[in-house]
Amino acid sequence: MHSITDFKSFYQTTLQPNLAELETSRKAIAGKIKLYGLIGIGIGLAFMAFKISAWPLILAGVGIFFFYQYQAKHYRHSYKTKIVAAIAQAHGLSYNHLACISRGDYDRSKIFTTRPDRYWGDDLLTGTVDKTGIRFSELHTQYKSGGKNKSYHTIFRGIFFIADFNKHFIGETFVLPDVSENVFGSTLGGFFQKMNMMRPQLIKLEDVEFEKNFAIYGTDQVEARYILSPALMQRILNLKKKFNTQVALSFIGSHVYIAITINKNLFEAPWLFSPADNYNQLEEFHTYLTRFVEIVEILDLNTRIWTKE
Amino acid sequence: MFLIVGLIVLVVIGAVLTFNNLVGARNNVENAFGTIDVMLKKRYDLLPNLVEVAKTYMKHENETFTKLADLRARANTATTTDEKVAIENQISGTVKGLMVSVENYPDLKASEQFTMLQRSWNETEEQISAARRAYNAAVTAYNNAVDKFPSNIFAGMFNFKRKEVFVIAETERQNVSAKALFNS
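Chains as they are written, first to last, in our numbering: chain H, 2 to 310; chain L, 7 to 190.
Dropping the structure here:
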């Protein structure tokens with residue numbers, strides 16, 4: 002299911018019946034919340050009007066708030082398990098909205114050198130595209146700044162994607178957004194790249210456009226070039242263009258790890274007081290899923306002409 | 007007085023760093039060249055195995071097999087780099103041709119052993135190409151050091167000469183298509 006037309010017919014045949022069911026229960030819940038709210042606040046106001054006590058109003062407010070939270074959580078749960086899971090399944094993926102890429106995987110990728118103090122994620126999707134196993138989820142990691150005003154700063158927010166890589170290798174190779182060369186220009190920026198103590202050797206590749214977009218580090222000059230063939234460099238550039246955002250990759254332990262920055266909470270249910278059936282939003286989920294699955298194709302991970310099957 | 011001494015110390019430190027950088031770049035080139043040799047050795051070791059398995063199925067390619075055996079023997083005795091490169095390119099080209107004619111031998115194509123060897127061959131080919139690219143990168147860094155100020159002063163004084171990068175042979179530039187090899 003790649004095209005929008007396919008998705009439209011899928012929407013009509015599979016999603017709409019489920020959505021209709023969901024909509025009925027949503028309306029019932031929303032109605033309940035409104036009704037209890039009105040009664041609670043009415044009684045509370047009456048107590049206020051007769052100057053008996055302000056407490057009933059406060060209690061009613063708190064009670065309604067928790068009731069709403071509880072119901073909204075249930076609604077989100079059924080939306081995700083019924084609707085998002087169905088779309089994922091149509092893409093050949095299995096979906097678990099409560100899980101995410103593990104901290105172990107995140108750490109193993111070594112894409113980010115800052116240790117996160119907060120690690121949050123959801124919407125784990127797993128599957129196999131032809132011969133290539135993939136898994137990805139939303140992640141949001143933050144670190145705490147020291148000093149007096151302690152506050153949290155984002156390290157990464159977006160989709161963290163892991164796939165089997167089609168070649169054998171033993172070292173570690175990193176393809177990172179080129180921050181210093183963009184800020185300081187090629188000479189001074191190149192110097193800063195070289196001086197980066199957190200990373201292995203700097204690797205200068207011959208593709209000028211690729212070098213402009215990324216800084217490449219690796220434990221082995223030859224192996225890095227074995228992985229980053231001229232064709233793969235072009236493919237990574239295509240990937241970056243497609244997502245039009247910051248993309249960082251690492252090649253470690255027979256996997257490729259890809260961190261795609263997306264400043265948006267994906268695969269979420271609409272607000273409880275708006276209709277469950279929001280076609281544009283569903284189409285957006287579909288488009289994102291298509292793009293993530295397409296990564297395998299864009300990076301040509303199913304070509305297995307090397308010793309790795 | 008102190009100023010002059012300080013200045014001299016700075017110049018000396020700068021000179022030492024520049025010179026060491028030049029030597030480092032040259033050693034990197036030698037190291038990268040060694041890596042190509044290692045990868046080529048890997049391919050030499052693979053070649054007899056590949057030929058052995060292919061021979062049992064391919065009855066009409068004896069000429070090619072003789073040519074490969076001959077090339078391999080010549081590669082072992084080659085002395086100059088140019089000669090070596092020329093032979094390597096011929097080996098690559100011949101095996102590529104052989105891989106294409108595998109299409110005519112369905113039994114061979116189905117042989118698991120041969121498929122594995124074919125995959126290993128692709129791998130070493132790609133590794134050799136990676137090693138060459140690494141060599142070219144090292145040579146470029148070295149040439150930059152030889153040409154750029156101030157290290158060009160030392161390069162002139164200590165006879166550091168520009169080195170040539172690898173040029174890929176015309177026959178090798180044509181990409182191997184995986185489809186042609188496997189027809190999958």
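We put the beta carbon where it would ideally sit given N, CA and C, even for glycine.
Checklist line | C-beta atoms of Leu53 (chain L) and Arg78 (chain L) nearer than 8 Å | finding: yes
Note to self: I need the straight-line Cα distance from Ala225 (chain H) to Ser135 (chain L), nearest angstrom please.
What the structure shows: 12 Å
Check: Closer than 8 Å, CB to CB, is Ala136 (chain L) near chain H or not?
Finding: yes
Next item on the list: Starting from the C-beta of Phe48 (chain H), find all residues in its chain whose C-beta is less than 7 Å away, skip the five residues before and the five after it, and write them out in chain order.
Entry: Ser54, Pro57 and Leu58
Item checked: Whole-Å CB distance - Ala137 (chain L) paired with Met45 (chain L), under 8 Å assumed -> 5 Å
Checklist line | Own chain, CB closer than 7 Å to Lys90 (chain L), minus 5 neighbours either side, in chain order | finding: Ala81 and Ala84
Next item on the list: Determine the DSSP secondary structure at Gln180 (chain L), reduced to helix, strand or coil.
Entry: Unreliable placement is indicated for Gln180 (chain L), whose pLDDT of 49 sits below 50; the coordinate value is still reported in the next sentence. Looking at Gln180 (chain L) - three-state DSSP - the assignment turns out to be coil, as it is neither helix nor strand.
Next item on the list: Measure the Cβ-Cβ separation of Phe162 (chain H) and Phe293 (chain H) and say whether it is below 8 Å.
Entry: yes
Next item on the list: Could you check what DSSP says for Lys145 (chain H) in three-state terms: helix, strand or coil?
Entry: strand
Note to self: Taking the alpha helix (DSSP H) that Glu36 (chain L) belongs to, which residues open and close that run?
What the structure shows: Phe8 to Tyr63
Next item on the list: Could you check which residue in L:Glu129, L:Arg49 and L:Tyr148 has the C-alpha nearest to that of Lys167 (chain L)?
Entry: L:Tyr148
Next item on the list: Buried or exposed for Gln235 (chain H), please, with buried defined as at least 16 other CB atoms from any protein chain shown within 10 angstroms of its CB.
Entry: exposed
Note to self: I want to see whether chain H comes within less than 8 Å of Thr24 (chain L), judged by CB atoms only; does it?
What the structure shows: no
Next item on the list: With Ile260 (chain H) as the anchor, note down where its beta strand (DSSP E) starts and where it stops.
Entry: According to the sequence as given, residue 260 (chain H) is Ala; it is not Ile. Its beta strand (DSSP E) spans residues His256 to Thr262.
Check: So what does DSSP say about Ile171 (chain H), is it helix, strand or coil?
Finding: coil
Check: Counting pairs of beta carbons, one from the stretch 103-121 of chain L and one from the stretch 10-27 of chain L, are three or more of them closer than 8 Å?
Finding: no
Notebook entry, point to check: Which bits of chain L does Tyr227 (chain H) rub up against, with CB to CB less than 7 Å?
Noted result: Glu132, Gln133 and Ala136
Next item on the list: Provide the residue(s) that pair with Gln202 (chain H) in DSSP beta bridges, ordered along the chain.
Entry: H:Gly219
Margin query: Between which residues of its own chain and Lys185 (chain L) is the CB-CB distance below 8 Å, once the five residues before and five after are set aside?
Written below: Because the pLDDT of Lys185 (chain L) is 49, which lies under 50, any placement of that residue in the model is unreliable, and the number read from its coordinates should be weighed accordingly. Same-chain partners within the cutoff: there are none.
Next item on the list: Below 8 Å on the Cβ atoms is my guess for Lys132 (chain H) versus Arg305 (chain H); work out the distance and round it to an integer in Å.
Entry: 6 Å
Check: For Ile112 (chain H), which of helix, strand or coil comes out of DSSP?
Finding: coil
Checklist line | Status (buried if at least 16 other CB within 10 Å, exposed otherwise) for His287 (chain H) | finding: buried
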